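Colleague: Supplied in structure tokens, the structure appears directly below.
In this note's numbering, the protein residues as written are 699 to 1258.
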């Protein structure tokens, strides 16, 4: 036997098989092409191969579960050796060998064939393990759809084939999925994700689904059925159990793939479209277009240069006067940010929303507080009587349990009494983290700070909020002020009652965005004592506002 097994032909045969068999289908083809190398030494007339249903299609590389690998025209059906091997997952591999016509194997040949049977099974197991490892590398283990690497390989394959331009990419994220995990637990939540992914696979047809992480998916679907896929994927119903049902709504970004797009192009543009959909109140999905792309590039540039610009003090504080309408005298101001970048002013509405998204607005808010305190310190040191300055703070700060301490620490560094600072919060902040808001307001007012609510009237529960949150000042949103003339008597009735309610609750009210004398007359007539807007003054530089303080500047309403 040693002579046969150690022969040059046997060594060459096994060398070819071991080096090139990376799937069962490849193994079968290699056996067909190379069995002749050893056939004269072991006289094989026929070789049959069979696996059971435990083998997946990707492991086989073919839909055939059994085949005849090799057969001469005539073989000896009475001279047969066979082995059925059990796999670790209770599957089986069956290999059957017949001798050539008229041949009877001797003992040495039988030992060689026995060795051949066991070696073929070992190689079969090796190739199966290799395929499984490859599959693990490209498959999400929870949902069994593609993972990031699998998506990348699939896109590369389509690109090489020249068919990638036939597809549309749909980037989707399940809305509020974290609440499902909180409600039923992560284990049941995983089952929901599995069911959701299975539905995406069903709707994608011949396309592919990938899980990018968490509850975010990317689907490549043939463009001709993209509209139907999006319609189906808007809301997908899954059952966590017999009695628990979830209607999973998604926001989606859609990108029609170009003929030479890479995976990076596809991911980037589909995710940009998704971000636009996520930020939209009305759109369930947004299709990528050049306008969205340019806006995204601008946002990324703002985020990239922000901290450098902050260190370079490119952000300037401007002060917009607040005026008592009965006297026209200055009674306060609001600190507003202006960004001087490369010799130009970047409007706040272009960069503040971007900084809100990435959280950098918190750094900007404290920068503005520092600059305001520096100005107040200058006024005090030079015997200039300050007015109370309102400084805007984002709702993001409410996630910081030390926010009140951090604000107070800034004032301590400049030795500024809290009475000169008013922290201004938007109305929407009050709805998003109610308990944190109540605690913050109480803490700040106890320390002597003023608190104002900006943009009052833009939320859905403005009046209901008034009975629970007691602050120093309520700022009527500009949309209310504009409606004094635009919407007629009904708007005036609403505004009159809101102002009366605020005053009866012991809070002051200020109208923002006041531009016309008729607005001034109406507001003063219903008891709104303070106003802010172009009617009284545009935002001023630090120098100009300091001059206004020094001259005790008056804003004569009727003569403007």
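Glycine residues also receive a C-beta, built at the ideal position from the N, C-alpha and C atoms. Treat the numbers as computed from the prediction; the structure is a model and nothing was measured.
Is it the case that the Cβ atoms of residue 1174 and residue 1210 are separated by a distance below 8 Å?
Modeller: Judged by beta-carbon spacing, residue 1210 lies within the 8 Å limit of residue 1174, meaning their Cβ atoms are closer than that value.
Colleague: Please list the terminal residues of the continuous beta strand (DSSP E) segment that includes residue 768.
Modeller: 764–769
Colleague: Is the beta carbon of residue 882 closer than 8 Å to that of residue 821?
Modeller: In this structure, residue 882 does not lie closer than 8 Å to residue 821 by Cβ.
Colleague: Where does residue 705 sit, in a helix, a strand or coil, going by DSSP?
Modeller: coil
Colleague: Secondary structure at residue 1241, three-state DSSP: helix, strand or coil?
Modeller: helix
Colleague: Using alpha carbons as the reference points, say which of 922, 729 and 1236 lies closest to residue 1020.
Modeller: 1236
Colleague: Could you check whether residue 924 and residue 951 sit closer than 8 Å to each other, using their CB atoms as the reference points?
Modeller: Cβ distance not < 8 Å, so residue 951 and residue 924 don't count as in contact.
Colleague: Quick check: the Cα distance between residue 1035 and residue 1015, rounded to an integer number of angstroms?
Modeller: 5 Å
Colleague: Does the beta-carbon distance from residue 955 to residue 837 come in below 8 Å?
Modeller: When the beta-carbon positions are compared, residue 955 and residue 837 stay at least 8 Å from each other.
Colleague: Would you mind working out which of 729, 861 and 1105 sits nearest residue 768, comparing C-alpha positions?
Modeller: 729
Colleague: What are the partner residues of residue 791, as DSSP defines its beta bridges?
Modeller: 749 and 783
Colleague: Out of 1097, 1031 and 992, state which residue places its alpha-carbon closest to the alpha-carbon of residue 1048.
Modeller: 992
Colleague: On the criterion of 16 or more Cβ atoms from any shown chain inside 10 Å, does residue 928 qualify as buried, or is it exposed?
Modeller: buried
Colleague: Pick helix, strand or coil for residue 1083, following the three-state DSSP scheme.
Modeller: coil
Colleague: Among residues of its own chain, excluding the 5 on either side of residue 936, which ones have a beta-carbon nearer than 8 Å to its beta-carbon?
Modeller: 890, 893, 894, 897, 943, 944 and 946
Colleague: Give me the Cα-Cα distance between residue 916 and residue 938, rounded to the nearest whole angstrom.
Modeller: 23 Å
Colleague: For the stretch 822–837 and the stretch 794–806, state whether three or more C-beta atom pairs, one from each stretch, are separated by less than 8 Å.
Modeller: In this structure the stretch 822–837 does not lie against the stretch 794–806, because fewer than three pairs of beta carbons, one per stretch, are closer than 8 Å.
Colleague: Is it buried or exposed for residue 796, if we count other Cβ within 10 angstroms and need 16 for buried?
Modeller: With 16 or more other CB atoms across the displayed protein chains lying within 10 angstroms of its CB, residue 796 is buried.
Colleague: Does DSSP classify residue 938 as helix, strand or coil?
Modeller: The answer is coil: DSSP assigns residue 938 none of H, G, I, E or B.
Colleague: DSSP on residue 998, reduced to helix/strand/coil?
Modeller: helix
Colleague: Quick check on the burial criterion: 16 or more other C-beta atoms within 10 angstroms. Buried or exposed for residue 1256?
Modeller: With a pLDDT of only 41 at residue 1256, under 50, the local geometry of the prediction cannot be trusted, and no value is derived from it.
Colleague: For residue 748, which residues of its own chain have a beta-carbon under 6 Å away from its beta-carbon, when the five flanking residues on both sides are left out?
Modeller: 764 and 792
Colleague: Using three-state DSSP, classify residue 894 as helix, strand or coil.
Modeller: helix
Colleague: Between which residues of its own chain and residue 720 is the CB-CB distance below 7 Å, once the five residues before and five after are set aside?
Modeller: Closer than 7 Å at Cβ, skipping near neighbours: 825 and 828.
Colleague: Just tell me which of 779, 1061, 1115 and 1193 has its CA closest to the CA of residue 1078.
Modeller: 1115
Colleague: Just to confirm before moving on: does the CB-CB distance between residue 1147 and residue 1121 stay below 8 Å?
Modeller: yes
Colleague: Report the rounded CA-to-CA distance for residue 1136 versus residue 1171, giving the unit in angstroms.
Modeller: 15 Å
Colleague: Do you know how far the Cα of residue 1124 is from the Cα of residue 1149?
Modeller: 11 Å
Colleague: Terminal residues of the continuous alpha helix (DSSP H) containing residue 1051?
Modeller: 1046–1056
Colleague: Suppose only complete runs of 4+ residues qualify. What are the alpha helix (DSSP H) ranges in the stretch 830–904, listed by chain order?
Modeller: 846–859, 875–882 and 884–902
Colleague: Tell me whether the stretch 977–991 and the stretch 905–921 touch, counting them as touching only if at least three CB pairs, one residue from each stretch, are closer than 8 Å.
Modeller: no
Colleague: Should residue 872 go down as buried or exposed, given a rule of 16 or more other Cβ atoms within 10 Å for buried?
Modeller: buried
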